[in-house]
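Participant:
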Amino acid sequence: MKPEEIAATLHPLEVRFLSAFAAREAFSDRDAPPEGVTEAQLRTVIEWQLTKGCVEVVEVAEERFVELTELGQSQVAGTPELAVAQRLAELGPVPVSRLVQEFAGRFESSQIGMAVGALKEAGAVRAGEGGTLELVPQASLAPFQAAARLLQRLHQAGRVPLAALSAEDAERVEGGSRKRGKSRGLYRVTSETTRRLRLTPLGREAWAQAQRLGRSGEEINLLTPKMLADGSWRGKTFRPFNLKLRPPRRVAGRAHPYRAFLDLVRRKLLALGFEEMRGELVETEFWNMDALFMPQFHSARDIHDVYFVKNPTHAATIEEPFASRVAEVHSQGGPTGSRGWGYTFDHQRSRRLVLRSQGTVLSARWLHQARCPGKYFGIARCFRYDQVDATHAPDFFQCEGIVLGRDIDFVTLLGLLKLFALEVARAPEMRFAPAYFPFTEPSVEIHIRHPQVGWMELGGAGIFRPEVTDPQGVHVPVIAWGLGLDRMAMMALGLDDIRDLFAADLNTLRRGRLPLSE
């Protein structure tokens, strides 16, 4: 800024500051503030002037100060070392336990122990017969008396520069001050930084311009309703404002970008006429796998590496008649016309509790109560034991959905998947690939192309097999899908690492792109 621009927009506090300090060759930020300016306001004004380039730092000096802690204040009336020495002089040889009793309520036992140790080290006391302590005749107590005098001095002064102490007292302070990792100490040492400052040529020119403009520091900075009401504003000088300056950025609260994306997906599906399905994070193996025709002793079960619940390990029961129907379908196919998997169904295993590993469990639970025709979706957080990388995480959100109807088919499903890729993931490039899932036939995978990561699987879909729908009492076609919302969000939010979806860094979140509205 030019000097005249600075002069025209000076705050009244800045005018008072310049009026008081402009004539000085140098000054410090610890100097007494001018009349009408508080110490806090002076520090603020100095920062303003530094930002504008009107003031510069000449020198930075650090000064250390010492004061008494609460423990130090408690020993002003007498230190434990001198108290122990005096009592030994009066009583003669006594055991340490007697000294602890003598000073109970005044000093802690640990303080007496440390005092005895210090006196022994100084040669002022020694061990006597029978485990007693005695004062050494003619022993010097000068170091302890000097420490007591230092306590008295600090008690009276309150706070003293460390440099003002003698070398012996400074060493005593350093040895007895409270430090990190040390719970107690007699002295507290603090540091203060003092800056020596001076006006720059720009600052002096701005002050000269301010004087020519007649700035006095008494300008009105804020026009209040009271001034308008009583007319006291008349004849006053108002501070001009620089409207070219950018205001400070206001950091307002906002939704987490991923949370906003999940809400957007929910609103889109509700707007399309879908009803939402909800479920629990902890499920039985029955609903998580058995009801989806995933055999209990078959490699197809390995497509989900699940987390098992440690306590409790099993659910009490499985709802009937679904438990019996699913067991029959697994064993020999039941009324579906299928041969099933041909093994003896383990009802105990089906009650085992796991963390939900796929969103399709919602469809399995809701299928028996679904209307035909009907459209349902669920946003489910799922958990799988997986290696974490740019596109995989051990917990993730999945968008699960089913559509029931007599006239729907595989083409209907492909159209819905394409809609998800375009409208939700905002992926211009996609492709379909044949797939295998135990609970759908035919089955398909949808892949989308990420600009940095490349092709990645978005999820799987298909038409539910009769072995899934018949035990639920459903006898119409049901198309189903389970799509990874995390990967869709990577595309929609412009991320190239799935781990960034759960970022906790505030600066990253404030800059994060929010999903577009419907």
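Going by my numbering, 211 is the number at position 210 of the sequence shown; the sequence numbering is gapless. Don't be surprised by glycine CBs; every beta carbon is placed ideally from N, CA and C. For clarity, every value in this text was computed on a predicted model and none was experimentally measured.
#1: How about PHE397 and ILE380: do their beta carbons lie closer than 9 Å?
#2: Would ALA128 and SER141 be called neighbours here (beta carbons separated by less than 9 Å)?
#3: Counting C-beta neighbours from all protein chains within 10 Å, is the total for ALA317 16 or more, i.e. buried, or is it exposed?
#4: Please state if the CB of VAL355 and the CB of GLU284 are separated by a distance shorter than 9 Å.
#5: Under 9 Å between the Cβ atoms of ALA462 and LEU414?
#6: Helix, strand or coil, according to DSSP, for PRO81 in the structure here?
#7: Any idea if PHE242 is buried or exposed, counting beta-carbon neighbours within 10 angstroms, 16 or more meaning buried?
#8: Just to confirm the assignment, what range does the alpha helix (DSSP H) spanning GLN102 have?
#9: Using only the alpha-carbon positions, how far apart do ASP291 and PRO249 sit?
#10: I'd like to know whether the C-beta atoms of PRO162 and PHE66 end up nearer to each other than 9 Å.
#11: Leaving out five residues before and five after GLN485 in sequence, what residues of the same chain have Cβ atoms less than 7 Å from its Cβ?
#12: CA-CA distance, LYS180 and GLY186?
#13: Spell out a yes or no on whether the stretch 77-87 and the stretch 132-146 are touching, meaning 3 or more CB-CB pairs, one atom from each, closer than 8 Å.
#14: Since GLY526 sits in a beta bridge, which residues does DSSP pair it with?
#15: Does HIS331 have its Cβ less than 9 Å from a Cβ in chain C?
#16: Relative to the alpha-carbon of PHE503, which residue among PRO258, PRO226, GLY232 has its alpha-carbon at the smallest distance?
#17: Which complete beta strand (DSSP E) runs does the stretch 122-150 hold, if anything under 3 residues is left out?
#18: Look at the Cβ atom of ILE464, then the Cβ atom of ALA481, and state whether they are nearer than 9 Å.
#19: Hey, SER197 and GLU109 are a contact pair by Cβ (cut 8 Å); roughly how many whole angstroms apart?
#20: Identify whether PRO435 lies in helix, strand or coil by the three-state DSSP scheme.
#21: How is SER233 classed by DSSP in three states: helix, strand or coil?
#22: Would you decide whether TRP456 is buried or exposed? Buried here means 16 or more other CB atoms lie within 10 Å of its CB.
#23: Using the C-alpha atoms, what's the distance from ARG511 back to ARG1?
#24: Per DSSP, which residues does PHE28 bridge with? Please list them.
#25: Since PRO443 is in the beta strand (DSSP E), which residue starts that stretch and which ends it?
#26: Note the first and the last residue of the continuous alpha helix (DSSP H) segment covering PHE18.
#27: Contact check, GLU135 vs GLY177 under 8 Å by CB: the rounded distance?
#28: Based on the DSSP secondary-structure assignment, which residues constitute the bridge partners of HIS315?
#29: Please work out which residues of its chain come closer than 6 Å, Cβ to Cβ, to GLU63, disregarding the five sequence neighbours upstream and downstream, and give them in chain order.
#30: Let me know if CYS383 comes out buried or exposed under the rule of 16 or more other beta-carbons within 10 Å of its beta-carbon.
#31: Whole angstroms are fine: how far does the CA of SER75 sit from the CA of ARG160?
#32: According to DSSP, what are the bridge partners of GLY460?
#33: Within its chain, find whatever has a CB closer than 6 Å to the CB of LEU19; leave out the 5 residues flanking it on each side and keep chain order.
#34: Go ahead and label LEU363 buried or exposed: buried means 16 or more other beta carbons lie within 10 angstroms of its beta carbon, across all protein chains shown.
#35: Short check: CB of GLY531 to CB of PHE378, under 9 Å?
#36: On the three-state DSSP scale, how would you describe LYS183?
Facilitator: Taking the definition as stated:
#1: No, the pair does not count as a contact, with Cβ atoms beyond the cut-off.
#2: Cβ atoms of ALA128 and SER141: not closer than 9 Å.
#3: Label assigned to ALA317: exposed.
#4: Yes; because the gap between Cβ atoms is below 9 Å, this pair is in contact.
#5: Their beta carbons are under 9 Å apart, which means ALA462 touches LEU414 by this criterion.
#6: It is helical.
#7: By the 10 Å Cβ count, PHE242 comes out exposed.
#8: Its alpha helix (DSSP H) spans residues 97-103.
#9: Spanning the two alpha carbons is a distance of roughly 59 Å.
#10: Cβ distance < 9 Å, so PRO162 and PHE66 count as in contact.
#11: It should be pointed out that residue 485 corresponds to Gly in this sequence rather than to Gln. Closer than 7 Å at the Cβ level, and outside the excluded window around GLY485, lie PHE397, GLN399, LEU459, GLY460.
#12: For LYS180, the predicted structure reports a pLDDT of 49, less than 50, and the residue's modelled location is therefore unreliable. A value from the coordinates is still provided. If you take the alpha carbons of LYS180 and GLY186, they lie about 8 Å apart.
#13: Result yes; three or more Cβ-Cβ pairs closer than 8 Å.
#14: The shown model of the chain, from 2 to 519, leaves out residue 526, and the question about it has no answer.
#15: Chain labels in this structure do not include chain C; a single protein chain is all it has.
#16: Nearest in C-alpha terms to PHE503, of all of PRO258, PRO226, GLY232, is PRO258.
#17: Note on the stretch 122-150: whole beta strand (DSSP E) runs with a minimum of 3 residues are 126-128, 133-136, in chain order.
#18: Between ILE464 and ALA481, the gap from beta carbon to beta carbon is short of 9 Å.
#19: In the sequence under discussion, the amino acid at residue 197 is Arg, which differs from the Ser named in the question. With 8 Å as the limit, ARG197 and GLU109 do not qualify as a contact, their Cβ atoms being about 46 Å apart.
#20: Strand at PRO435.
#21: SER233: coil per DSSP, three-state reduction.
#22: Per the 10 Å Cβ criterion, exposed.
#23: Residue 1 cannot be examined here, being either before or after the span of the chain that is shown, 2 to 519.
#24: Paired residues: LEU198.
#25: Looking at the DSSP string, the run of the beta strand (DSSP E) that includes PRO443 is 441-451.
#26: From DSSP, the alpha helix (DSSP H) with PHE18 extends over 13-22.
#27: Going by Cβ atoms, the distance from GLU135 to GLY177 rounds to 27 Å, so no, they are not a contact pair.
#28: Note: HIS315 sits in a beta bridge opposite ARG353.
#29: Same-chain partners within the cutoff: SER192, THR194.
#30: With 16 or more Cβ atoms within 10 Å of its Cβ, CYS383 is classed as buried.
#31: Looking at the backbone, the Cα of ARG160 and that of SER75 are separated by about 16 Å.
#32: DSSP links GLY460 through a beta bridge to ILE447, LEU484.
#33: Residues TRP208 of the same chain have their beta carbon placed closer than 6 Å to that of LEU19, with the five preceding and five following residues left out of the count.
#34: LEU363 should be labelled buried.
#35: Outside the displayed span of the chain (2 to 519) sits residue 531, for which this structure offers no information.
#36: Model confidence at LYS183 stands at a pLDDT of 45, short of 50, so the residue's coordinates are unreliable; what they give is reported in the following sentence. Coil at LYS183, not helix or strand.
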